[in-house]
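**Q** The sequence shown begins at 37 in our numbering and counts up by one. For each residue, glycine too, the CB sits at the ideal point set by N, CA and C.
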Amino acid sequence: MGFPQIIALTVYAAFVTWEMLGPQFYLSKPVIAGLFAGAVMGDVATGLFIGGTLQLMVLGVGTYGGSSIPDYMSGALIGTAFAVTTGSTEIGLAIAVPVGLLLVQCDILGRFCNTAFQNMADAGAEEKNWRKVELGCLLGTIPWCLSRAIPVFLCLALGQDVVASLAAAAPEWLLNGFKCVSGMLPAVGIAILLHFMPLNRFWPYALLGFVLAAYLNVPMLGVALVGLAFAAVKYYEFTQQKPAVAAVAASTEGGTIDDDE
């Protein structure tokens, strides 16, 4: 594996991390990452196989509410590189899966480091220093990008034996601590989302979704489709009421002018 290839995959890992925070071109999907890694390594078919296999493991899974999921994007980059260099897709997958599971801890670390920059942005907002707010938000992307770029670079530069050894030597107390923290983040994130949602008007829908998922065991896709149906009904009602409200406002405004005259 050449140094230019390592740099290309490292830059891609950093770029797609930034892309996840903003533009959302879906370049962070494992199958896309595998395609890119396969093109860089000269074996697109292997890249698609590794990326597609990892994609199946995260279908329907998202980082909603501050949750952290296995980083199979980085796993696809590393697994494809090792699969091509060793000539074995089994080895590539054997490396990609534990790497994806381990790098979720780096995602949590990146979130923690980002807190300092977000505090800077909050302080700027209180001071009405908008330049400081922008700088805090921009600098906050650095730990996120490094949380993927550094592990990808080290894994590719050091080789698969070192990666496997680190995964086996990681102390159980450290992994349990990270698991505890990652388990708390979704609850905190959901609480933040509920705080800003208009639950005083739409709490019955949130309650219905909870009942469907917790008591009726409806899959998440089914709950989402029910939510989509209710959203479509509310949107239709809103679009039908909007012209009437505008007409009432116009007639009221006209009456006011006539009274003044």
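1) If you follow the alpha helix (DSSP H) that L63 is in, where does it begin and where does it stop?
2) Pairs of beta-carbons, one from the segment 111 to 122 and one from the segment 57 to 75, closer than 8 Å: are there three or more?
3) Less than 8 Å separating the beta-carbons of F137 and I86?
4) Below 6 Å CB to CB, which residues in the same chain sit around T53 once its five sequence neighbours on both sides are set aside?
5) Does the separation of the CB atoms of V254 and C191 fall below 8 Å?
6) Cutting at 7 Å between CB atoms, please list the residues of its own chain near T177, excluding the five before and the five after it.
7) In whole angstroms, what separates the C-alpha of L194 from that of L45?
8) Go through its chain and collect everything with a Cβ distance to M37's Cβ below 7 Å, but skip five positions before and after it.
9) Thinking C-alpha only, which one of E170, F266, D143 and Q141 is nearest F153?
10) Report, in whole angstroms, the separation of the C-beta atoms of I186 and V140, which I expect to be a contact under 8 Å.
11) Just how far apart, CA to CA, sit T89 and N165?
12) Indicate whether V47 and P66 have their beta-carbon atoms separated by less than 8 Å.
13) Exposed or buried, which one is A242 when buried takes at least 16 other CB atoms within 10 Å?
14) Would you kindly work out how many angstroms separate the C-alpha atoms of L244 and A250, rounded to a whole number?
15) What first and last residue would you give for the alpha helix (DSSP H) that runs through L109?
16) Is it the case that the Cβ atoms of L248 and V269 are separated by a distance below 8 Å?
17) For the putative contact between G160 and G172, defined by C-beta atoms under 8 Å, what is the C-beta separation to the nearest angstrom?
**A** Judging by the given coordinates:
1) Unbroken run through L63: none, as it is neither H nor E.
2) The segment 111 to 122 vs the segment 57 to 75: in contact.
3) At residue 137 the sequence reads Leu, which differs from the Phe that was named. Result no, Cβ atoms of L137 and I86 do not sit closer than 8 Å.
4) Spatial neighbours of T53 in its own chain (CB-CB distance under 6 Å, excluding positions within 5 residues in sequence) are listed in chain order as W180, C181 and R184.
5) Cβ atoms of V254 and C191: not closer than 8 Å.
6) Within the same chain, and ignoring the five residues on either side of T177 in sequence, the residues whose Cβ sits closer than 7 Å to its Cβ are W54 and L57.
7) For L194 and L45, the distance between alpha carbons rounds to 14 Å.
8) Answer for M37: A117, T121 and L192, listed in chain order.
9) Closest by C-alpha distance to F153, out of E170, F266, D143 and Q141, is E170.
10) Approximately 15 Å separates the beta-carbon atoms of I186 and V140; this is outside 8 Å, ruling out the contact.
11) Going by the C-alpha atoms only, they are around 47 Å apart.
12) No, they are not a contact pair.
13) Burial call: exposed.
14) Looking at the two C-alpha atoms, the distance is approximately 10 Å.
15) Checking the sequence shown, residue 109 turns out to be Met, not Leu. Run containing M109: Y108 to T122, per the alpha helix (DSSP H) assignment.
16) No; because the gap between Cβ atoms is not below 8 Å, this pair is not in contact.
17) With a Cβ gap of about 6 Å, G160 and G172 count as contacting.
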